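Each residue of the sequence shown is one higher than the one before, counting from 545 in the numbering used here.
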Amino acid sequence: MRWGGSRGILMLLLFLLAGALIGGLLGDLLAQVSLAGIMPYLVKQYVLIDVSNIRLNLYILTLDFGIRFAPNLLSIIGIFIAAWLFRRW
545 MRWGGSRGIL MLLLFLLAGA LIGGLLGDLL AQVSLAGIMP YLVKQYVLID VSNIRLNLYI
605 LTLDFGIRFA PNLLSIIGIF IAAWLFRRW
């Protein structure tokens, strides 16, 4: 079963992930450049989800779980651009 017409939900998630990655990489690259004005707000990471490492000891196997979601403003802009491109494409 496909959602979203002929393109499907998987293609939408792929577009959004690519937009977030490209925006995040661009933000990391621009963080090295010392520009005044709005640039510090674009490259600052905003922590939305931060779950510390959770250790699960099964006596023969130890598993560590953790997740951190801290996008910068450019990665969020990249997600919106990717969604716009998905709708136009």
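Think of the CB as a built atom: it goes at the ideal place given N, C-alpha and C, for glycine as much as any other residue.
Remember, it's a predicted structure, so these values are computed and weren't measured experimentally.
Item, Value
"Can you tell which of L629, A562, Q576 and L556 has its C-alpha closest to the C-alpha of S619?", "A562"
"As a quick exercise: from G552, L554, F559 and L565, pick the residue whose alpha carbon is nearest that of N616.", "L565"
"Taking the beta strand (DSSP E) that I611 falls in, what are its first and last residues?", "T606 to F613"
"If you draw a straight line from the alpha carbon of R631 to that of N601, how long is it in whole angstroms?", "46 angstroms"
"Select from A575, P584 and A614 the residue whose C-alpha is nearest the C-alpha of I593.", "A614"
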